[in-house]
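Numbering (this note's numbering), first residue to last: 882 to 1061.
#1: Check whether the Cβ atoms of residue 883 and residue 912 lie closer than 8 Å to each other.
#2: Would the stretch 973-990 and the stretch 941-959 be scored as touching if the rule is three or more Cβ pairs under 8 Å?
#3: Buried or exposed, going by whether 16 or more other CB atoms sit within 10 Å of the CB of residue 1056?
#4: Check whether the stretch 961-970 touches the stretch 978-988, counting contact only when three or more Cβ pairs, one atom from each stretch, lie closer than 8 Å.
#5: Using the three-state DSSP reduction, which class does residue 895 fall into: helix, strand or coil?
#6: Starting from the C-beta of residue 948, find all residues in its chain whose C-beta is less than 6 Å away, skip the five residues before and the five after it, and write them out in chain order.
#7: Secondary structure at residue 1055, three-state DSSP: helix, strand or coil?
#8: Look up residue 965 in the DSSP assignment and give the residues it is bridged to.
#9: According to the Cβ coordinates, are residue 888 and residue 950 closer than 8 Å?
#10: Exposed or buried, what is residue 934 when buried is set at 16 or more other beta-carbons lying within 10 Å of its beta-carbon?
#11: Since residue 1052 and residue 1032 should fall inside the 8 Å C-beta cutoff, what is the C-beta to C-beta distance between them, to a whole number of angstroms?
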């Protein structure tokens, strides 16, 4: 089983990224949980969610010690960094967070300039989808095809198919980003 924490500020799409990840794992047949947490201020306040997935039974959906942290804002990084397992992965928004802000030396760090990449592909609201692609690749658990199929299935359930082409491009941009 893997535990992933998605954290940032309200409006950065971290809850959506978590939903996508849970749907991708569920679409593949894994057991999954998605537990959101956000403050009373939907935009600008701290927002996060925890996703757990795997073939085994998930007995506790609550945050324990995560294997992967997706940090969209420095405040989120500093709050959740210590909740990581040694050897884990931090995928962070390098448009906002500089690598020297990461205190852990026992984790892999992957900076992604997601807002800059989103602007470059003409989809300024696609930064979170770009991060979804990178996170899936970094996890090593899903193929690009599984990711695209699960993401598109999640949006189709919500009746949001009109952005499928844009979301697919954003996802592939993140999945193909070289990382560091």
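All residues carry an ideal CB built from backbone N, CA and C; glycine is no exception. No experiment lies behind these values; they were computed from the predicted model shown.
Let's see:
#1: Counting from 1 along the chain shown, the entry for residue 883 is found at position 2. Counting from 1 along the chain shown, the entry for residue 912 is found at position 31. No. Outside cutoff.
#2: With the cut-off at 8 Å, the stretch 973-990 and the stretch 941-959 touch.
#3: As a position in the chain shown, residue 1056 is number 175, starting the count at 1. Per the 10 Å Cβ criterion, buried.
#4: Using a Cβ-Cβ distance cut-off of 8 Å, the stretch 961-970 and the stretch 978-988 are in contact, since at least three pairs of beta carbons, one from each stretch, lie closer than that value.
#5: Taking the first residue of the chain shown as 1, we reach residue 895 at position 14. The answer is helix: DSSP assigns residue 895 an H, G or I state.
#6: Within the chain shown, residue 948 is the residue found at index 67, counting from 1. For residue 948, the CB contacts under 6 Å within the same chain, skipping 5 residues up- and downstream, are 883, 884, 966 and 969 in chain order.
#7: Translated into positions along the chain shown, residue 1055 becomes position 174. The DSSP-derived three-state label of residue 1055 is helix.
#8: What you label residue 965 is simply residue 84 of the chain shown in a count that begins at 1. Bridge partners of residue 965 according to DSSP: 947.
#9: Walking along the chain shown from the start, residue 888 turns up at place 7. Walking along the chain shown from the start, residue 950 turns up at place 69. In this structure, residue 950 lies closer than 8 Å to residue 888 by Cβ.
#10: What you label residue 934 is simply residue 53 of the chain shown in a count that begins at 1. Flag for residue 934 reads buried.
#11: Residue numbering aside, residue 1052 sits at position 171 when the chain shown is read from its first letter. Residue numbering aside, residue 1032 sits at position 151 when the chain shown is read from its first letter. Contact holds; Cβ gap of about 6 Å.
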